[in-house]
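Heads up: the sequence shown begins at 37 in my numbering, then just goes up one per residue. Read the structure below first, then the notes.
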Amino acid sequence: MLEKDSLPPSPDRLLLKEFYGRFSSNERVVNVAQSNTGDNLISEKEVKTLRDARSGHMKVGKHIIHLKEFYILYLHSMLAKLGICLWAPDLEEAPDSLYNEACWTAALMKFRQVSSSGAYRYIRASLAYCNNLQLLKRAYDHFVHYLMAGVHKVENKEAGKTVRDKYKRVVQKWRQRVSN
């Protein structure tokens with residue numbers, strides 16, 4: 037989900053099977069995520085999320101995101117603990133499924149830790165909301181399980197439709213500006 041208009045990839049079914057074999061409750065996921073031991077279920081080298089962002093910044097849409105390599109490695113350690121190679125919520129499952137809860141846990145725990153350490157200071161992110169888990173959960177669920185799931189559903193029916201529709205809207209807006 038690092039490129040404009042991109043969708044998270046569907047999780048690998050083998051990964052899901054392994055994940056559900058390791059975890060039976062959300063409490064277990066949270067305990068593993070919060071543990072300070074170095075017991076990873078997979079090697080950190082197997083984690084593919086943000087693999088290309090090692091140079092310290094990456095372009096997302098029209099913006100450049102600045103993340104120190106330390107924060108990327110920090111995220112990789114969380115995903116490796118949970119056995120997730122690629123952060124990819126399952127948009128075909130319920131938002132409160134065990135795997136989707138693990139994706140949420142990984143994303144929001146690391147977001148909170150990284151933002152409270154000042155990583156997003158350059159965009160003037162307000163830390164006042166960092167500990168409001170209810171608000172963060174609602175925002176995450178809305179973006180991932182409503183907006184992205186809607187796009188995922190449309191793309192499953194007709195590949196490339198959302199990008200074509202967006203281009204049509206841009207062209208229509210240009211035409212309106214020219215005609216005014």
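From the three backbone atoms N, C-alpha and C, an ideal C-beta is built for every residue, glycine too. No experiment lies behind these values; they were computed from the predicted model shown.
Alpha carbon of residue i to alpha carbon of residue j, nearest angstrom
{"i": "residue 207", "j": "residue 199", "result": "12 Å"}
{"i": "residue 153", "j": "residue 204", "result": "42 Å"}
{"i": "residue 110", "j": "residue 188", "result": "29 Å"}
{"i": "residue 192", "j": "residue 107", "result": "33 Å"}
{"i": "residue 85", "j": "residue 133", "result": "21 Å"}
{"i": "residue 170", "j": "residue 216", "result": "45 Å"}
{"i": "residue 38", "j": "residue 168", "result": "Since pLDDT at residue 38 reaches only 49, below the 50 mark, its modelled position is unreliable, and the value read off the structure follows with that caveat. So the alpha carbons of these two residues sit roughly 25 Å apart."}
CB of residue i within 8 Å of CB of residue j, strictly
{"i": "residue 55", "j": "residue 119", "result": "yes"}
{"i": "residue 44", "j": "residue 184", "result": "yes"}
{"i": "residue 135", "j": "residue 77", "result": "no"}
{"i": "residue 197", "j": "residue 155", "result": "no"}
{"i": "residue 144", "j": "residue 172", "result": "yes"}
Three-way DSSP call (helix, strand, coil) for residue i in this model
{"i": "residue 204", "result": "helix"}
{"i": "residue 196", "result": "coil"}
Beta-carbon separation (whole angstroms), residue i vs residue j, contact threshold 8 Å
{"i": "residue 165", "j": "residue 140", "result": "No, residue 165 and residue 140 are not in contact; Cβ-Cβ is about 16 Å, not under 8 Å."}
{"i": "residue 124", "j": "residue 69", "result": "17 Å between Cβ atoms; not a contact."}
{"i": "residue 137", "j": "residue 65", "result": "6 Å"}
{"i": "residue 150", "j": "residue 116", "result": "Actually they are not in contact, since the Cβ atoms of residue 150 and residue 116 sit about 16 Å apart, beyond 8 Å."}
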